[in-house]
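Here is the structure we will look at.
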């Protein structure tokens with residue numbers, strides 16, 4: 017039976033690691049974004065990274081790896097890395113770029129599927145979602161070309177056609193009751209500026225689609241990715257929308273919004289957002305927001321308000337927040 021754990025907090029990670037080996041993967045660029053973020057938004061992720069045993073996987077082969085690969089795959093060439101001869105990255109990248117002129121609808125669909133991944137969405141993009149997004153991407157590729165079902169299907173056929181070793185720009189998979197698509201991994205990295213390529217922005221249409229069409233939990237996950245990508249406007253829009261909808265994610269969105277507004281120097285906005293999170297009585301976000309509100313009030317010279325906020329966090333009995341609040345309150349009294 018699948019168990020829904022919710023957010024991977026430091027406490028949950030500690031409990032899990034006592035029983036199982038927790039394995040995860042991140043690109044170096046994604047890891048650097050998390051590590052360089054000094055806000056509370058990425059705090060849990062930074063703690064997880066600090067506790068992890070990191071095993072870097074380089075893109076280039078060592079001499080011993082090359083010899084082993086050559087012995088196991090005598091018909092392959094391994095001058096540089098395993099990736100290129102096995103997955104035909106160069107050929108697929110060239111096909112993707114050529115699609116701007118050769119098949120703009122296919123290129124637009126692939127670009128949308130790439131941005132889906134870059135927006136932090138893990139599951140495949142469904143056919144209906146890609147069908148809704150591709151006209152917006154087509155507009156950025158070939159303005160004036162009217163989208164149609166015929167063009168969409170023709171573009172999918174082009175994108176899903178295997179090039180080498182059964183690999184294509186888009187892999188067709190089963191996604192719930194309909195089929196979905198997954199963009200070729202190398203193209204995601206390519207569009208993100210890895211391996212020396214030029215980084216391309218996620219199209220604003222993707223962030224709009226996320227908040228307008230996806231469930232709140234997926235929109236919240238994407239908002240964190242937007243924040244870490246320095247797409248602060250997109251993140252703020254998603255958080256404000258989730259708050260206005262009074263969704264289940266509203267307390268977390270209010271906390272994140274408070275952090276962002278405090279970073280931007282909007283003190284009154286940050287106070288209001290933290291108070292929204294506190295008033296929600298959410299078991300995790302309300303105590304955390306009380307701590308942050310206390311820090312904010314102390315910085316503004318409101319010692320009495322800070323003391324009350326810290327005490328409210330302590331009264332929550334949250335195992336991770338209480339020690340922090342007690343220490344801050346102790347320093348306040350010195």
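Residue numbers (the working numbering): 17 to 350. Don't be surprised by glycine CBs; every beta carbon is placed ideally from N, CA and C. Computed from a predicted structure; not experimentally measured.
inquiry  = Give me, in chain order, the residues of the same chain whose beta-carbon lies closer than 7 Å to that of residue 252; leave out the 5 immediate sequence neighbours on both sides.
reply    = To locate residue 252, count along the chain shown from 1; it is residue 236. A distance below 7 Å between beta-carbons, with the five flanking residues on each side excluded, links residue 252 to the following residues of its chain, in chain order: 273 and 276.
key: Neighbourhood of residue 227 by C-beta distance below 6 Å, restricted to the same chain and skipping five residues each side   = Sequence index remark: in the chain shown, residue 227 carries index 211 (1-based). Excluding residues within five positions, the ones whose Cβ falls inside 6 Å are 235, 254 and 257.
key: Separation of residue 249 from residue 129, as counted between CA atoms   = Residue 129 sits at position 113 when you count from the first residue of the chain shown. Residue 249 sits at position 233 when you count from the first residue of the chain shown. So the alpha carbons of these two residues sit roughly 22 Å apart.
DSSP bridge partner residues for residue 155 (one or two, in chain order) = Taking the first residue of the chain shown as position 1, residue 155 is located at position 139. DSSP, once it has assigned bridges, lists no residue as partnering residue 155.
key: 6 Å Cβ shell around residue 194 - same chain, five flanking residues per side excluded   = Numbered from its first residue, the chain shown carries residue 194 at position 178. Same-chain partners within the cutoff: 142 and 143.
key: Assumed close pair residue 305, residue 290 - CB separation to whole angstroms, cut-off 8 Å   = Here residue 305 refers to the residue found at position 289 of the chain shown. Here residue 290 refers to the residue found at position 274 of the chain shown. With 8 Å as the limit, residue 305 and residue 290 qualify as a contact, their Cβ atoms being about 4 Å apart.
Residue 303, buried or exposed, once every other Cβ within 10 Å from all chains shown has been counted against 16 = Here residue 303 refers to the residue found at position 287 when the chain shown is read from its first residue. Of the other Cβ atoms in all chains shown, 16 or more fall within 10 Å of the Cβ of residue 303; this residue is therefore buried.
query = Tell me, which residues are paired with residue 141 by DSSP?
reply = Sequence index remark: in the chain shown, residue 141 carries index 125 (1-based). Residue 141 is bridged to 197.
message = At the level of alpha carbons, what is the spacing between residue 324 and residue 295?
response = The sequence position of residue 324 within the chain shown is 308, counting from 1. The sequence position of residue 295 within the chain shown is 279, counting from 1. Rounded to the nearest angstrom, the gap between the Cα atoms of residue 324 and residue 295 is 14 Å.
task = Identify which residue in 339, 175 and 244 has its Cα closest to the Cα of residue 116.
result = Here residue 116 is taken as the residue at index 100 of the chain shown, counted from 1. Per the Cα distances, 175.
inquiry  = Checking 8 Å against the spacing of the C-beta atoms, do residue 300 and residue 326 come in under that value?
reply    = As a first step, residue 300 must be located in the chain shown, where it is residue number 284. As a first step, residue 326 must be located in the chain shown, where it is residue number 310. Result no, Cβ atoms of residue 300 and residue 326 do not sit closer than 8 Å.
query = Considering only residues of the same chain and omitting the five flanking positions on each side of residue 148, which have a CB-CB separation below 8 Å?
reply = The residue given as residue 148 occupies position 132 in the chain shown. Counting only residues of its own chain and dropping the five nearest sequence neighbours on each side, residue 148 has a CB closer than 8 Å to the CB of 225 and 229.
inquiry  = Using a Cβ-Cβ cutoff of less than 7 Å, which residues in the same chain neighbour residue 313 once the five nearest sequence positions on both sides are dropped?
reply    = The residue given as residue 313 occupies position 297 in the chain shown. Non-local C-beta neighbours of residue 313 in its own chain, meaning closer than 7 Å and more than five positions away in sequence, comprise 321, 322 and 325, ordered along the chain.
message = Which runs of the alpha helix (DSSP H) at least 4 residues long sit entirely within the stretch 279-319? Give them in chain order.
response = Qualifying alpha helix (DSSP H) stretches, in chain order: 283-295 and 301-315.
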